[in-house]
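So the protein lines, in turn, are chains E and Y. Once you know that position 363 of the first sequence is 449 in the working numbering, the rest is easy, because the numbers rise by one and skip nothing. Once you know that position 271 of the second sequence is 357 in the working numbering, the rest is easy, because the numbers rise by one and skip nothing. We put the CB at the ideal spot given by N, CA and C, even for glycine.
There are 2 protein chains.
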Amino acid sequence: MKKISRRKFNESFLKGVGVASVAATIPTACAAGNGLPVGEKLGVALVGLGSYSTYQLGPALLETKHCYLAGIVTGTLEKEKIWSEKYNLPKESIYNYENFDEIIKNDTIDIVYVVLPNSMHADFCIRAARAGKHVICEKPMAMNVEECDVIIAACKKAKVKLSVGYRLHSEPYTQEVQRMVREKTFGAIRFVNAEAGYYSGSHPNQWRLDKTLSGGGALVNMGVYSIQSAIYGTGTNPISVSAQEFSTRPEYFKGTDETISAQFEFPNGVVGNIFTSHNVNTNRLYVSAEKGWFELHPANSYGPLSGRRSDGAEIKFPHESQQKLQMDDFALHILKGTINRVPGEMGKRDMIIVEAIYRSIREGGKKIPLDLGRMGIV
Amino acid sequence: MKKISRRKFNESFLKGVGVASVAATIPTACAAGNGLPVGEKLGVALVGLGSYSTYQLGPALLETKHCYLAGIVTGTLEKEKIWSEKYNLPKESIYNYENFDEIIKNDTIDIVYVVLPNSMHADFCIRAARAGKHVICEKPMAMNVEECDVIIAACKKAKVKLSVGYRLHSEPYTQEVQRMVREKTFGAIRFVNAEAGYYSGSHPNQWRLDKTLSGGGALVNMGVYSIQSAIYGTGTNPISVSAQEFSTRPEYFKGTDETISAQFEFPNGVVGNIFTSHNVNTNRLYVSAEKGWFELHPANSYGPLSGRRSDGAEIKFPHESQQKLQMDDFALHILKGTINRVPGEMGKRDMIIVEAIYRSIREGGKKIPLDLGRMGIV
Numbered sequence: 087m088k089k090i091s092r093r094k095f096n097e098s099f100l101k102g103v104g105v106a107s108v109a110a111t112i113p114t115a116c117a118a119g120n121g122l123p124v125g126e127k128l129g130v131a132l133v134g135l136g137s138y139s140t141y142q143l144g145p146a147l148l149e150t151k152h153c154y155l156a157g158i159v160t161g162t163l164e165k166e167k168i169w170s171e172k173y174n175l176p177k178e179s180i181y182n183y184e185n186f187d188e189i190i191k192n193d194t195i196d197i198v199y200v201v202l203p204n205s206m207h208a209d210f211c212i213r214a215a216r217a218g219k220h221v222i223c224e225k226p227m228a229m230n231v232e233e234c235d236v237i238i239a240a241c242k243k244a245k246v247k248l249s250v251g252y253r254l255h256s257e258p259y260t261q262e263v264q265r266m267v268r269e270k271t272f273g274a275i276r277f278v279n280a281e282a283g284y285y286s287g288s289h290p291n292q293w294r295l296d297k298t299l300s301g302g303g304a305l306v307n308m309g310v311y312s313i314q315s316a317i318y319g320t321g322t323n324p325i326s327v328s329a330q331e332f333s334t335r336p337e338y339f340k341g342t343d344e345t346i347s348a349q350f351e352f353p354n355g356v357v358g359n360i361f362t363s364h365n366v367n368t369n370r371l372y373v374s375a376e377k378g379w380f381e382l383h384p385a386n387s388y389g390p391l392s393g394r395r396s397d398g399a400e401i402k403f404p405h406e407s408q409q410k411l412q413m414d415d416f417a418l419h420i421l422k423g424t425i426n427r428v429p430g431e432m433g434k435r436d437m438i439i440v441e442a443i444y445r446s447i448r449e450g451g452k453k454i455p456l457d458l459g460r461m462g463i464v
Numbered sequence: 087m088k089k090i091s092r093r094k095f096n097e098s099f100l101k102g103v104g105v106a107s108v109a110a111t112i113p114t115a116c117a118a119g120n121g122l123p124v125g126e127k128l129g130v131a132l133v134g135l136g137s138y139s140t141y142q143l144g145p146a147l148l149e150t151k152h153c154y155l156a157g158i159v160t161g162t163l164e165k166e167k168i169w170s171e172k173y174n175l176p177k178e179s180i181y182n183y184e185n186f187d188e189i190i191k192n193d194t195i196d197i198v199y200v201v202l203p204n205s206m207h208a209d210f211c212i213r214a215a216r217a218g219k220h221v222i223c224e225k226p227m228a229m230n231v232e233e234c235d236v237i238i239a240a241c242k243k244a245k246v247k248l249s250v251g252y253r254l255h256s257e258p259y260t261q262e263v264q265r266m267v268r269e270k271t272f273g274a275i276r277f278v279n280a281e282a283g284y285y286s287g288s289h290p291n292q293w294r295l296d297k298t299l300s301g302g303g304a305l306v307n308m309g310v311y312s313i314q315s316a317i318y319g320t321g322t323n324p325i326s327v328s329a330q331e332f333s334t335r336p337e338y339f340k341g342t343d344e345t346i347s348a349q350f351e352f353p354n355g356v357v358g359n360i361f362t363s364h365n366v367n368t369n370r371l372y373v374s375a376e377k378g379w380f381e382l383h384p385a386n387s388y389g390p391l392s393g394r395r396s397d398g399a400e401i402k403f404p405h406e407s408q409q410k411l412q413m414d415d416f417a418l419h420i421l422k423g424t425i426n427r428v429p430g431e432m433g434k435r436d437m438i439i440v441e442a443i444y445r446s447i448r449e450g451g452k453k454i455p456l457d458l459g460r461m462g463i464v
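Listed below in structure tokens is the structure:
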């Protein structure tokens, strides 16, 4: 934390850190206090400097009010130089995957944002928690529900805050949808349709197509957006799901799902369709209610988004970096105790739904009951 | 046909007309010739004077250029008076369901438009054909595929033209979608989403909720629109379908399906989702292609419709009565040999899909193969 003297960890704790394990203990909580001087910022370290960090998170951290880029973790020497120059990073705040755990000693870093391939989320989130750092885990949260549980437990044990990289919860179009649902602007919701997909072209070597790294295809990458849309578009968690898988280019999508449709039942007879694909460009959220409808289209790109309502009103807000808003929201949650818009339980909930969708597909489209209660709904 | 001397049927033929049977023969073809004087109009008789005839078809026939309201068939004496006054109908062109077959003797009536509950479509279409009249059968074409076959055979045997009441094929928004699909304005189609439903309120005594009269619920009433949309939105017939049924108000929708989602596979890996409901207001068509998207919203109401494209262009046409355009198109088909935009085979094709959807639901969402070829695609 810039300009703030920070809790010191017992450095001997580091010696106990080996492979990821939630059994490790954190000797002291690292939640920052209230009453900070105005203008104080939390330090963020980005773990993984792929295109999302390079083109979205890094630039966003130049605009954030409550946090800033304080460190990086990368396996590529060349990136160390480029990033340290661009973001004026001190040498001691640049880590690689081998010496990552030494981050525990770095008081300028308060938040670790894990932006690695999905298979590495759990390991680095747990290690970040054990280093006493608050954690943002990029979506999808992990490879499976079990890993989500382990991440949540690790953060709880370490008394650090945990969030998942669902940036849309911090941006105004999505918040306007949430408001209209909550306030029943058009009466009770009856139906939601949410689509999230893109044509992935022909890049067979990308990690997203390698199931050992991604855990799944379109569903875990883009489908989580349509799951999210369907849930904040209705304000409730689904109580059942059925799903179907389609394959257009099996020679390209060898190991991961290409295209999936799924159907949700929500409480009170509300129904929802979602669609996701690595072969189709689509990016929409539509909500039909008693007295009208509203939609976002695009609904989950980096913006600017666009929205309409059945009464002719346009849904329109000034464009700001969604990632800036997201990271500032999380920083304020840590600094001021404001709401955590995307707690780990939300990422876990979505992974439960993802697993149910895959199960329905394996079982020929069978309806799978879901017992989520209000889990993950903030 | 107004002012045109018309072929005379052997009146003794009438004596052979009893219950509907395709075995009956028509002694002579009744296709009207070419070379008509400009301004000549075909006479249309509406069979069934419910709200669709009252508020749509009747008024449209005051605007049509190539046909006009020449007769009515109704079981309600009160309606006889109202309609004959409003539309200046001669007494001899007013029929009831008992004396309907005498329409064979009425040379002013060229086209019979059957607007009755679905269970009566086949009977009256067949009787109209046997009376030598061209036939428009309101959608859905019939209670099942078998009835569609019988209607088609009856019209073929009688050498009369047959169309189904899919008015959208004659209106410009739908034709623009068909054009963009055909001309690949945004490249090859990859995905279509089509929704058609309305909240049917609380009118438990309506015939649409009585399966013996309707043959089905939302799917046969509104679902056929989304089936149609999905097909002209891709330009191809589906090769498989899976489907799920949802029930929100089972106490109200006792005998007919309330809400259905279905998933189509089309040739070349194109996929489609459709949704229909008697409990949800929705009315949309969205097509995602290689280089962009286009949508109609609303897509299948009586108009004005509205459409957008990914390049920012609005899809916009002057509003005209869709029913006017539809009936004029059919009259021109008869008069001038122009294309029959909605042949009976299209209604039959949709009923094959409807039956496959119901079968998939019965079989727990199983994927049902469809072998339609180009059936019904004009």
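Considering only DSSP beta bridges, list what Y:R370 is partnered with. In DSSP, Y:R370 forms a bridge with Y:E281.
In chain E, which residues lie with their C-beta within 8 Å of the C-beta of Y:G355? By Cβ distance, chain E contributes F332, S333, T334, R335 and N365.
Taking only the alpha-carbon atoms, compute the straight-line gap between Y:A304 and Y:R445 and give it to the nearest angstrom. Y:A304 and Y:R445 have their C-alpha atoms spaced approximately 15 Å apart.
Inspect the beta-carbon positions of E:I237 and E:A208 and report whether they are closer than 8 Å. Against a cut-off of 8 Å, the Cβ pair of E:A208 and E:I237 comes out as a contact.
When the cut-off is 8 Å and only beta carbons count, does Y:S374 lie next to chain E? Interface residue, yes.
With a threshold of 8 Å, are at least 3 pairs of Cβ atoms found where one atom belongs to the region 345-365 of chain E and the other to the region 305-313 of chain E? The answer is yes - the region 305-313 of chain E touches the region 345-365 of chain E, with three or more Cβ pairs under 8 Å.
With distances taken between CB atoms, is the gap from E:G358 to E:P384 smaller than 8 Å? Not closer than 8 Å, so no.
Minimum C-alpha distance to Y:S286 - residue among Y:N307, Y:V267 and Y:F272: Check the Cα spacing between Y:S286 and each of Y:N307, Y:V267 and Y:F272: the tightest is with Y:N307.
Assuming E:G157 is part of the beta strand (DSSP E), what are its boundary residues? Taken as a continuous stretch (DSSP letters only), the beta strand (DSSP E) holding E:G157 covers C153 to V159.
So Y:E331 is in the beta strand (DSSP E); what residue range does that whole segment cover? Here the beta strand (DSSP E) through Y:E331 covers S326 to F332.
Does the structure place the region 203-221 of chain E close enough to the region 392-399 of chain E that three or more beta carbon pairs sit under 8 Å? By the Cβ test, the region 392-399 of chain E is not in contact with the region 203-221 of chain E, since fewer than three Cβ pairs between them sit closer than 8 Å.
Give the straight-line distance between the Cα atoms of Y:C234 and Y:A228, rounded to the nearest whole angstrom. Answer to the nearest angstrom: the Cα atoms are 6 Å apart.
With DSSP run on the structure shown, which of helix, strand or coil describes E:L132? Here E:L132 carries a strand assignment [DSSP, helix/strand/coil].
What are the boundary residues of the beta strand (DSSP E) that E:H220 is part of? E:H220: member of the beta strand (DSSP E) spanning H220 to C223, first to last residue.
Cβ of Y:E178 less than 8 Å from any chain E Cβ? Answer no: the Cβ-Cβ gap between Y:E178 and chain E never drops below 8 Å.
Looking at the strands, I want to know which residues DSSP matches up with E:N359. Partner(s): E:N279 and E:Q349.
Inter-residue Cα distance where the pair is E:E184 and E:G134: Their Cα atoms are separated by approximately 13 Å.
Rounded to whole angstroms, what's the CA-CA distance from E:R335 to Y:G157? Just pull it up for me. Each residue's Cα considered, the two are about 56 Å apart.
Could you name the residues of the same chain whose beta carbon sits closer than 8 Å to that of Y:V440, not counting the 5 residues immediately before and after it, in chain order? Closer than 8 Å at Cβ, skipping near neighbours: P226, G302, L305, V306, G309, V310 and I313.
Just by C-beta distance, which residues in the region 436-459 of chain Y are closer than 8 Å to chain E? Result list: G450, G451, K452 and K453.
Chain-ordered chain Y contacts of E:S328 [CB-CB under 8 Å]: Think of a sphere of 8 Å around the beta carbon of E:S328: the chain Y residues whose beta carbon falls inside it are Q330 and G451, in chain order.
For the beta strand (DSSP E) containing E:I438, name the first residue and the last one. Careful: E:I438 lies outside any beta strand (DSSP E), inside the alpha helix (DSSP H) at G430 to R448.
Would you mind sorting E:R216 into buried or exposed? The rule is 16 or more other CB atoms within 10 Å of its CB. The residue is buried, with at least 16 neighbouring Cβ atoms inside 10 Å.
Where does E:S347 land, buried or exposed, given buried means 16+ other C-beta within 10 angstroms? Result: buried.
Which of the three DSSP states is assigned to E:P455 in this structure? In the three-state scheme derived from DSSP, where H, G and I count as helix and E and B as strand, E:P455 is classed as strand.
Measure the C-alpha to C-alpha separation of E:R276 and E:G459 and round it to an integer number of angstroms. For the pair E:R276 and E:G459, the Cα-to-Cα distance works out to about 19 Å.
Where E:A394 and E:N192 are concerned, what is the direct C-alpha to C-alpha distance, given to the nearest angstrom? Here the sequence assigns Arg to residue 394 of chain E, which means Ala is not the residue at that position. In a straight line, the C-alpha of E:R394 is about 47 Å away from that of E:N192.
With a threshold of 16 other CB atoms inside 10 Å of the CB of Y:T523, please say whether the residue is buried or exposed. This structure does not reach residue 523 of chain Y, given that chain Y is present from 87 up to 464, and the question cannot be answered.
Give the interface partners of E:S347 over in chain Y, defined as CB-CB distance under 7 Å, in chain order. Chain-ordered, the chain Y residues with CB closer than 7 Å to the CB of E:S347 read Q349 and N359.
Along chain Y, in chain order, which residues have C-beta atoms closer than 9 Å to that of E:F277? Those are E281, G283, T345, F361, S363, N365, V366, N367 and T368, listed as they occur along chain Y.
Measure the beta-carbon distance from E:L128 to E:I189 and round it to whole angstroms, keeping in mind my assumption that it falls under 8 Å. Actually they do not touch by this definition, with Cβ atoms about 14 Å apart.
Pull up the distance between the alpha-carbon of Y:I454 and that of Y:Y318, whole angstroms please. Each residue's Cα considered, the two are about 21 Å apart.
To the nearest angstrom, how far is the alpha carbon of Y:N279 from that of Y:Y372? Roughly 5 Å separates the two Cα atoms.
Cβ atoms of E:Q408 and E:G253: under 8 Å apart, would you say? Correcting the residue type first, residue 253 of chain E is Arg in the shown sequence and not Gly. Yes.
DSSP state of E:I195, grouped into three classes? DSSP places E:I195 in coil when its eight states are reduced to three.
Alpha carbon to alpha carbon, what distance is there between E:I168 and E:F380? Near 44 Å, if we compare the C-alpha coordinates of E:I168 and E:F380.
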